[in-house]
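**Student:** Be aware that the sequence shown starts at 0, since it is given in numbering that gives the first Met the number 0, and climbs by one per residue.
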Amino acid sequence: MTQNIINRTLLSDRTRENYIFISDIHGNLETLGLIEQAKKDFPAAQLVTGGDYIDGRKNVKEVLDYLIEQKSQGAIVLLGNHEQMMLNFADNCEHQDGIWFYNGGNKTLLNLFDRIVSRGELRDSRYYRFLKSCPIMYETPHLIFVHAGVRPDKEYNDPATYNEVSYGLKFDYDFFRVWARDRYWYSNMEDEIFAHNQTGKTIVTGHTPTAGLEGKFDDGRKLGHLSWDHCVVRMMQYPGESARIFTDGGSHSDPMIYPHNDGNVVVLNNVGKIIRVYNWDNPNGTEFINE
């Protein structure tokens, strides 16, 4: 097996039989139990985590400690936009002043250190070093795992083609992969028409709570908005193309209002077919039904 990191992408020429994917844990301790159940059921599967482990619920430290241990055992741990905000804060290069604290960074610092530490103290921590070492994307011969998405065309992995500037923000290769929403979903943002997946690979993401996905396919099919307490795994796919799979179970929501948005742990085969899904409603796993 050959694995190389190029442009913050971990490239692997090896195909595993199964993959376990979880994204957007956001300090939710219950999610770790779902991961452990999936690992018990699929012990040979490759664990891939898709970012956004911090900024949300109260167990950020436990989640990061768990992921550090999992990585030491071979898990692939990717960055999300919340980890990138934390790193940017520590490095004093936030793309918008105060954006990390606006998104819960102050609570994350309190959870990790019991106080608001300085940027230098954060840089000296094991959590900074751990996250700094994580890639943004993991790519196999048939699958792309990434937090927010890639531009779903044949040049998806060419950083030179990512040069859009919107509202003063440059959607370069790294920024797009951890922040994109409608630019990843749609080919026509005004009419909310879903893009075709021309990468030739199944793309698996988190980032946006799945209840908020809506739009239409250019063949007339529609994908509608769901209740925010029903952030199930959802899939966009045109006939003859690889799917785009969305997994964010809404753990960044208010736990008092949505106490059971514990995330979705997804088991896929080596070409991206969903084998099983674990969440609060199905802690022992269930078959996938696209909604």
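Virtual Cβ for every residue (Gly too), placed ideally from N, Cα, C. Since the model is a prediction, treat every value here as computed from it, not as a measurement.
#1: Helix, strand or coil for E286, going by three-state DSSP, please let me know.
#2: When the Cα atoms are used, what is the spatial distance from G79 to V62?
#3: Thinking C-alpha only, which one of L225, D171, T209 and I75 is nearest L46?
#4: Which same chain residues, not among the five before or five after I53, have their C-beta less than 6 Å away from its C-beta?
#5: Quick one: using the 10 Å Cβ neighbour count with 16 as the cut-off for buried, is G239 buried or exposed?
#6: Short of 7 Å in beta carbon distance, which residues of its chain neighbour K57, apart from the five on each side in sequence? Order them along the chain.
#7: R128 by DSSP, collapsed to three states: which one?
#8: Of the residues L10, G104, I21 and I4, which one's Cα is nearest the Cα of H206?
#9: Which stretch, first to last residue, makes up the alpha helix (DSSP H) that contains M85?
#10: Under 7 Å Cβ to Cβ from Y65, same chain only, skipping five residues before and after it: list those, please.
#11: Expressed to the nearest angstrom, what Euclidean distance is found between the alpha-carbon atoms of V266 and I5?
#12: In angstroms with no decimal places, state the Cα-to-Cα distance between G271 and R243.
#13: Taking 8 Å as the threshold (C-beta atoms), are D261 and P208 in contact?
#14: If you measure between the beta carbons of V232 and I202, is that distance less than 8 Å?
#15: My output table needs one value for V62: the three-state DSSP class, helix, strand or coil.
#16: Does K169 come out as helix, strand or coil in the three-state DSSP assignment?
#17: Beta-carbon within less than 7 Å of Q197's beta-carbon, same chain only, minus the 5 sequence neighbours each way: which residues are those?
#18: Do you know how far the Cα of R118 is from the Cα of G199?
#19: Ignoring anything shorter than 3 residues, give me the beta strand (DSSP E) runs that lie fully in the region 5-77, in order along the chain.
#20: For H146, tell me which candidate among L225, N283 and I24 has the shortest Cα-Cα distance.
#21: By alpha-carbon positions, which one of L9, N269 and P254 ends up nearest to L28?
#22: Quick one: is N289 buried, meaning 16 or more other Cβ sit within 10 Å of its Cβ, or exposed?
**Tutor:** The structure says:
#1: Position 287 of the sequence shown, counted from the start, is the residue given in the question as residue 286. Under the three-state reduction of DSSP output, E286 falls in the coil class, being neither helix nor strand.
#2: Position 80 of the sequence shown, counting from 1, holds the residue named residue 79. Position 63 of the sequence shown, counting from 1, holds the residue named residue 62. C-alpha separation (whole angstroms): 14 Å.
#3: As a working note, residue 46 is residue 47 in the sequence shown. Of the candidates L225, D171, T209 and I75, the one whose C-alpha sits nearest the C-alpha of L46 is I75.
#4: In the sequence shown, the residue the question calls residue 53 occupies position 54. In the same chain as I53, and ignoring 5 residues on each side of it, the C-beta atoms closer than 6 Å to its own belong to V59, H81 and T107, in chain order.
#5: In the sequence shown, the residue the question calls residue 239 occupies position 240. Taking every protein chain shown into account, the CB of G239 has fewer than 16 other CB atoms within 10 angstroms, so this residue is exposed.
#6: Locating residue 57 in the sequence shown gives position 58, counting from the first residue. Cβ contact annotation for K57 (same chain, cutoff 7 Å, sequence separation greater than five): G26 and N110, in chain order.
#7: On the sequence shown, residue 128 is found 129 positions in, with the first residue counted as 1. Correct three-state label for R128: helix.
#8: Start at 1 with the first residue of the sequence shown, and residue 206 comes out as number 207. Ranking the options by Cα distance to H206, first place goes to I21.
#9: What you label residue 85 is simply residue 86 of the sequence shown in a count that begins at 1. Element bounds for M85: N80 to A89.
#10: For this step, residue 65 is matched to residue 66 along the sequence shown. Correct list, in chain order: L31.
#11: For the purposes of this step, residue 266 is identified with residue 267 of the sequence shown, where counting begins at 1. For the purposes of this step, residue 5 is identified with residue 6 of the sequence shown, where counting begins at 1. Take the alpha-carbon of V266 and the one of I5: they are about 26 Å apart.
#12: For the purposes of this step, residue 271 is taken as residue 272 along the sequence shown, with counting starting at 1. For the purposes of this step, residue 243 is taken as residue 244 along the sequence shown, with counting starting at 1. Between G271 and R243, the C-alpha separation is close to 9 Å.
#13: Numbered from 1 along the sequence shown, position 209 holds the residue referred to as residue 208. Numbered from 1 along the sequence shown, position 262 holds the residue referred to as residue 261. Between P208 and D261, the C-beta gap is not smaller than 8 Å, which leaves the two residues out of contact.
#14: One-based indexing of the sequence shown puts residue 232 at position 233. One-based indexing of the sequence shown puts residue 202 at position 203. Remark: C-beta atoms of V232 and I202 do not approach each other more closely than 8 Å.
#15: As a working mapping, residue 62 is identified with position 63 in the sequence shown. If DSSP states are grouped into helix, strand and coil, V62 belongs with the helices.
#16: In the sequence shown, the residue the question calls residue 169 occupies position 170. K169: strand per DSSP, three-state reduction.
#17: Locating residue 197 in the sequence shown gives position 198, where the first residue counts as 1. Closer than 7 Å at the Cβ level, and outside the excluded window around Q197, lie P151, D152 and K153.
#18: The sequence position of residue 199 within the sequence shown is 200, counting from 1. The sequence position of residue 118 within the sequence shown is 119, counting from 1. Between G199 and R118, the C-alpha separation is close to 42 Å.
#19: Under the rule that a run must span 3 or more residues, the beta strand (DSSP E) segments found entirely inside the region 5-77 read 8-11, 17-21 and 45-48.
#20: Numbered from 1 along the sequence shown, position 147 holds the residue referred to as residue 146. Comparing Cα-Cα distances from H146 to each of L225, N283 and I24, the minimum goes to I24.
#21: Against the sequence shown, residue 28 aligns to sequence position 29. Distances from the alpha-carbon of L28 to those of L9, N269 and P254 put P254 closest.
#22: Counting from 1 along the sequence shown, the entry for residue 289 is found at position 290. N289 should be labelled exposed.
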